[in-house]
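A quick write-up on the structure given underneath.
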Amino acid sequence: MDFPQRFSNLPAYAFPRLRALLDPLPAGGEPIAMTIGEPKHAMPAFVGEVLAAHLQGFNRYPANDGTEPLLTAISAWLKRRYGVTIANDRLITANGTREALFNAAVALSPETKNGAKPVILTPNPFYQVYAIAALSVAAEPVYVPATAATGHLPDYTALPPALLDRVTIAYLCSPANPQGAVASADYWAELLALAEKHDFRIFADECYAEIYRDTPPPGILEVAARIGADPERVVSFHSLSKRSNLPGLRSGFVAAGPQSMRAIRQLRAYAGAPLPDPLQAVAAAVWNDEAHVAESRALYQQKYRIADEIFGGLNAYMPPEAGFFLWLPVADGEQAAVKLWQETGVRVLPGAYLSREVGGENPGAGYIRVALVAPEDETRRGLTLLRNCLYA
């Protein structure tokens, strides 16, 4: 059976591409992995205790939309973090936000818009699930540059009105992966006004919202509430993977307007894979606790300081505002990754693997992405080797 035509031009996913690039080559030193955004800080100490207390929950089917304790914990966190009141029936749990970012597009993107093929906007570079979601619903993915010239966020307002009239969904990641840029309250407000004018939804991927330097990044839910935006314009995604160093828990959530959430929940009822109840109990406890988040954030803030110290003398260095990646400029990302691996053993991701070529240009080609997830000493050693190898 042939692969569906709409997927035929997809490049290989970023990490298989990286393995094909580097695995045949010898490492030039003890390997230091700075590629994948997998947190290495300690998970909350109480996770095991909570899980053990709820093991009996594995003998029943889990709550499809989320247990009431978990939804209540999420709602309480949104109130603490953003000052917004989101009722439990406007929330749904997810097996991590990658699943949710995909399934929400299936639930909410119509087959046509204004008599034409729908468009889904994505930043470029971007989290790869945005593209496959667009293709899966037979929409046209439009990759909008998120470069230094635009503050490393996409300028959706500059797109032609005729194209914007076909948009059903606009993805936006803030803090941005990979660049670490933060959408300001004004940026969110402008995007909400654009969505209202052209009748589309904003899918706000805010999974890195709790990792920042000094000031908590504003969220779309708080801005939408403040300006009185239509709740149906907003679908917000959050996760415990980054916030709480629990990528293996596979626990996130979606917040949306009532109509949007009904459609998301309906799809989940037919095709979803709900989180087991014992894991939902763990997630509820984790959303209810802030101490472990502050401790982890302090470790990332120290790694920001290390990166600033090592790269501060480079004119091209852009200190990330938030998140845990460095987006470092190089002449060619693939060549830099190969050189770094062969000469030092430090493993990074070419920026082109996170982007698409549009108009003959790939906005990630001149960058490498470096994950600041390892312990402090290893991070310092890896960044020092990287600077001496690529920028000496």
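In the UniProt record's numbering, the protein residues as written are 1 to 392.
Glycine included, each C-beta is placed from N, C-alpha and C at the ideal position.
These numbers were taken from a predicted model, which means no experiment stands behind them.
Problem - Exposed unless 16 or more other CB atoms sit within 10 angstroms - verdict on threonine 93 - result: Residue burial is scored here from C-beta neighbours: threonine 93 has at least 16 other C-beta atoms within 10 angstroms and is therefore classed as buried.
Practice task
Would you grab the beta carbon distance between threonine 150 and isoleucine 120 for me? Rounded to a whole angstrom, and I think it's under 8 Å.
Solution key: No, threonine 150 and isoleucine 120 are not in contact; Cβ-Cβ is about 19 Å, not under 8 Å.
Handout entry: Distance CB(leucine 314)-CB(leucine 386) smaller than 8 Å
Key = Going by C-beta atoms, leucine 314 is not nearer than 8 Å to leucine 386.
Practice task
Compare the C-alpha of valine 106 against each of Phe203, Leu328 and Tyr353 and name the closest.
Solution key: Nearest option by C-alpha distance: Phe203.
Practice task
Could you name each continuous beta strand (DSSP E) segment of 3 residues or more that falls completely within the segment 64–100, going from the start of the chain to the end?
Solution key: Segments of the beta strand (DSSP E) lying fully in the segment 64–100: 91–94.
Exercise for the section: Output the boundary residues of the beta strand (DSSP E) element that contains residue 393. Expected result: It is not possible to answer for residue 393, since the shown part of the chain is limited to 1 through 392.
Problem - glycine 180 versus tryptophan 287 - alpha carbon distance - result: Straight-line spacing of the CA atoms in glycine 180 and tryptophan 287 works out to 23 Å.
Exercise for the section: Below 8 Å CB to CB, which residues in the same chain sit around residue 393 once its five sequence neighbours on both sides are set aside? Expected result: Beyond the ends of the chain as shown, which are 1 and 392, falls residue 393; an answer cannot be given.
Problem - Continuous alpha helix (DSSP H) assignments of at least 4 residues falling wholly in the segment 1–59 - result: If only uninterrupted alpha helix (DSSP H) runs of at least 4 residues are considered, those enclosed by the segment 1–59 are 14–22 and 47–53.
Exercise for the section: Look at the alpha carbon of asparagine 103 and the alpha carbon of proline 175, and state the distance between them as a whole number of angstroms. Expected result: In this structure, the alpha-carbon of asparagine 103 lies about 22 Å from that of proline 175.
Exercise for the section: Return the bridge partner residues of arginine 387 from the DSSP annotation. Expected result: Beta-bridge partners of arginine 387 (DSSP): none assigned.
Exercise for the section: Verify whether the separation of the beta carbon atoms of proline 216 and alanine 63 is less than 8 Å. Expected result: Result no, Cβ atoms of proline 216 and alanine 63 do not sit closer than 8 Å.
Practice task
Check each candidate in Ala193, Asn124 and Asp199 and name the one with the smallest Cα separation from alanine 162.
Solution key: Nearest to alanine 162 by alpha-carbon distance, out of Ala193, Asn124 and Asp199, is Asp199.
Problem - leucine 164 beta carbon less than 8 Å from that of valine 144 - result: Cβ atoms of valine 144 and leucine 164: not closer than 8 Å.
Handout entry: Residue range of the alpha helix (DSSP H) that includes valine 338
Key = Run containing valine 338: 333–344, per the alpha helix (DSSP H) assignment.
Handout entry: Spatial distance of leucine 10 from alanine 283 (CA atoms)
Key = Rounded to whole angstroms, leucine 10 and alanine 283 show a C-alpha spacing of 34 Å.
Exercise for the section: With DSSP collapsed to three states, give me the class of threonine 157. Expected result: Helix.
Exercise for the section: To the nearest angstrom, report how far apart alanine 131 and leucine 108 are at their CA atoms. Expected result: The alpha-carbon of alanine 131 is positioned some 15 Å away from that of leucine 108.
Exercise for the section: Select from Tyr82, Phe324 and Leu240 the residue whose C-alpha is nearest the C-alpha of isoleucine 211. Expected result: Out of Tyr82, Phe324 and Leu240, Phe324 has the C-alpha closest to the C-alpha of isoleucine 211.
Practice task
Label glycine 359 either buried or exposed according to how many other C-beta atoms from any shown protein chain fall within 10 Å of its C-beta, with 16 as the threshold for buried.
Solution key: Counting every other CB atom within 10 Å of its CB across the protein chains shown gives glycine 359 a total below 16, marking it as exposed.
Problem - Cβ neighbours of leucine 25 in the same chain (closer than 8 Å, five flanking residues each side left out) - result: Val338, Trp341 and Gln342.
Problem - Under the three-state DSSP convention, the category aspartate 308 falls into - result: Helix.
Problem - Reference tryptophan 57; option with closest CA among Ala20, Ala229, Ala209 and Gln280 - result: Correcting the residue type first, residue 57 is glycine in the shown sequence and not tryptophan. Sorting Ala20, Ala229, Ala209 and Gln280 by C-alpha distance to the C-alpha of glycine 57 places Gln280 at the top.
Exercise for the section: Return yes when at least one heavy atom of the ligand MG lies under 7 Å from the C-beta of serine 236, else no. Expected result: By its list of ligands, the structure shown contains no ligand whatsoever, and the ligand MG lies outside what it can speak to.
Exercise for the section: Measure how close the beta-carbons of glycine 96 and glycine 252 come, nearest whole angstrom, since I'm counting them as under 8 Å. Expected result: Distance from glycine 96 to glycine 252 at the Cβ level is roughly 5 Å; contact confirmed, criterion being Cβ atoms closer than 8 Å.
Exercise for the section: Measure the C-alpha to C-alpha separation of arginine 90 and alanine 256 and round it to an integer number of angstroms. Expected result: Going by C-alpha positions, arginine 90 is about 6 Å away from alanine 256.
Problem - Extent of the continuous beta strand (DSSP E) run through arginine 238 - result: According to the sequence provided, residue 238 is histidine. The question's arginine does not apply to it. Unbroken beta strand (DSSP E) run through histidine 238: 234–239.
Handout entry: Residues bridged to asparagine 103 (per DSSP)
Key = Paired residue(s): none; asparagine 103 is not in a bridge.
Handout entry: Buried or exposed by the 16-neighbour rule on C-beta atoms within 10 Å, applied to alanine 224
Key = Answer is buried; the Cβ neighbour count reaches 16.
Problem - leucine 221 beta carbon less than 8 Å from that of alanine 183 - result: With a cutoff of 8 Å on beta-carbon distance, alanine 183 and leucine 221 are scored as not near each other.
Problem - CA-to-CA distance, serine 244 to valine 293, given in whole angstroms - result: Answer to the nearest angstrom: the Cα atoms are 6 Å apart.
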